[in-house]
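Residue 2 is where the sequence shown starts when you use my numbering, and the numbers rise one by one after that.
Note that CB positions come from ideal geometry on N, CA and C, so glycine has one too.
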Amino acid sequence: MAEAAAPVRVALRSLGRVDYAPTLEAMRAFTEARAADTPDEIWLCEHPSVYTQGLSGKAEHVLNPQGIPIVQTNRGGQVTYHGPGQVVAYPLIDLQRLSIYVKEYVFRLEQAVIKTLEKFGVTGHRVRSAPGIYVRLDDPFCHAALAPVAEGADPFRGLGKIAALGIKVTRHCTYHGVALNVAMDLRPYAGINPCGYAGLQTVDLSTIGVQASWDEVAETLGTKLATYLSP
Numbered sequence: 002m003a004e005a006a007a008p009v010r011v012a013l014r015s016l017g018r019v020d021y022a023p024t025l026e027a028m029r030a031f032t033e034a035r036a037a038d039t040p041d042e043i044w045l046c047e048h049p050s051v052y053t054q055g056l057s058g059k060a061e062h063v064l065n066p067q068g069i070p071i072v073q074t075n076r077g078g079q080v081t082y083h084g085p086g087q088v089v090a091y092p093l094i095d096l097q098r099l100s101i102y103v104k105e106y107v108f109r110l111e112q113a114v115i116k117t118l119e120k121f122g123v124t125g126h127r128v129r130s131a132p133g134i135y136v137r138l139d140d141p142f143c144h145a146a147l148a149p150v151a152e153g154a155d156p157f158r159g160l161g162k163i164a165a166l167g168i169k170v171t172r173h174c175t176y177h178g179v180a181l182n183v184a185m186d187l188r189p190y191a192g193i194n195p196c197g198y199a200g201l202q203t204v205d206l207s208t209i210g211v212q213a214s215w216d217e218v219a220e221t222l223g224t225k226l227a228t229y230l231s232p
């Protein structure tokens with residue numbers, strides 16, 4: 002009796018520092034050209050400073066770009082910032098192959114970030130209806146769950162956003178992805194309402210006291226994503 006074939010893991014590709022616009026075009030081309038048997042990939046990279054605006058993005062959320070280019074994209078969500086010192090992961094995944102829908106896919110992306118932060122002793126949190134991962138500003142290493150938010154209260158009070166998420170799904174296949182802040186110049190976030198939320202504080206691992214290299218975080222995030230996104 003023949004042995005069953007081993008499950009095929011997602012291929013990880015490290016692109017280094019690459020410009021945003023050509024990377025977006027490469028993702029789009031990969032997705033449009035792929036067939037049912039095209040292997041899934043996860044691209045890991047960082048970008049020079051750029052603001053990216055989602056399909057539903059509103060111009061008023063760009064406050065003062067100060068010369069940083071703004072690129073219109075076809076992902077969901079509002080405006081965000083990419084820059085050196087941030088790990089950006091682009092999973093190019095066939096959701097039919099995984100037998101999952103978009104909601105579960107988003108959950109797995111966030112779970113991969115949470116597990117990456119866990120390796121560095123940091124507890125990541127979800128905020129309802131606000132995709133991405135957040136940390137407690139007063140104690141990022143506290144393992145306690147967030148308290149329920151009273152109706153009308155600020156859901157981001159006491160939190161800083163450490164990872165942003167924005168995706169595109171076409172013909173059941175994904176591109177765009179997730180960005181995790183490692184050691185950045187965070188000042189450009191003051192030029193926007195991050196992800197459309199005025200006053201939302203953005204942090205990175207460095208500012209909360211974790212000294213980790215870009216390569217170390219990228220390797221960890223890539224491995225976690227591959228684990229959650231492999232058949």
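Taking 6 Å as the limit between beta carbons, can you name the residues of its chain near residue i, skipping five residues before and five after?
i: Ser15; result: Leu45
i: Val11; result: Asp41, Ile43, Ala227, Leu230, Ser231
i: Lys169; result: Asn75, Arg76, Tyr176, His177
Please classify residue i: is it buried, with 16 or more other beta-carbons within 10 angstroms of its beta-carbon, or exposed?
i: His236; result: Only positions 2 to 232 of the chain appear in the structure, and residue 236 is not among them; the question remains open.
i: Gln54; result: buried
i: Pro141; result: buried
i: Thr171; result: exposed
i: Arg158; result: exposed
i: Asp155; result: exposed
i: Pro149; result: exposed
For residue i, which three-state DSSP category applies?
i: Thr47; result: As written in the sequence, residue 47 is Glu, which differs from the Thr given in the question. Strand.
i: Tyr106; result: helix
i: Val170; result: strand
i: Arg10; result: coil
i: Gly161; result: strand
i: Gln97; result: helix
i: Tyr190; result: helix
i: Ala148; result: coil
i: Val114; result: helix
i: Gly133; result: strand
i: Pro92; result: strand
i: Thr74; result: coil
i: Ala3; result: No answer about Ala3 holds up, because its pLDDT of 43 lies below 50 and its placement is not dependable.
i: Leu201; result: coil
Identify which residue in the options has its Cα closest to the Cα of residue i.
i: Val128; options: Asp140, Phe121, Pro141, Glu111; result: Glu111
i: Val136; options: Phe108, Thr117, Lys162; result: Lys162
i: Val88; options: Leu226, Val218, Ala227; result: Val218
i: Lys225; options: Thr24, Pro40, Leu181, Gly55; result: Leu181
i: His83; options: Gly178, Leu118, Val114; result: Gly178
i: Lys120; options: Ile101, Gln212, Arg18; result: Gln212
i: Trp215; options: Asp41, His48, Leu96; result: His48
i: Thr39; options: Arg188, Val114, Tyr198, Leu96; result: Leu96
i: Ala227; options: Pro92, Leu147, Ser207, Val72; result: Pro92
i: Met28; options: Ile43, Arg18, Ala148, Val204; result: Ile43
i: Val19; options: Ser50, Leu13, Ala37, Ala30; result: Ser50
i: Ile134; options: Gly58, Leu206, Glu61; result: Leu206
i: Ala164; options: Val204, Glu33, Glu152; result: Val204
i: Ile94; options: Thr32, Val183, Thr208; result: Thr32
Report the CB separation of residue i from residue j in whole angstroms; it is logged as a contact under 8 Å.
i: Gly78; j: Cys196; result: 6 Å
i: Gly122; j: Met185; result: Rounded, the Cβ-Cβ distance is 19 Å, inconsistent with contact.
i: Leu56; j: Arg76; result: 7 Å
i: Gln202; j: Leu138; result: 7 Å
i: Thr74; j: Leu25; result: 6 Å
i: Leu222; j: Val114; result: 7 Å
i: Asp41; j: Leu230; result: 7 Å
Can you name, in chain order, every residue of its own chain whose Cβ lies under 7 Å from the Cβ of residue i, other than the five neighbours on each side?
i: Ala22; result: Val72
i: Pro66; result: Tyr52, Gly192
i: Ala37; result: none
i: Lys116; result: Lys225
Do we get a CB-CB distance below 8 Å when we pair residue i with the residues of chain C?
i: Ala113; result: Absence of chain C from the displayed structure is noted, only one protein chain being present.
Excluding five sequence neighbours on each side, which residues of the same chain lie with their C-beta closer than 8 Å to the C-beta of residue i?
i: Ile101; result: Arg109
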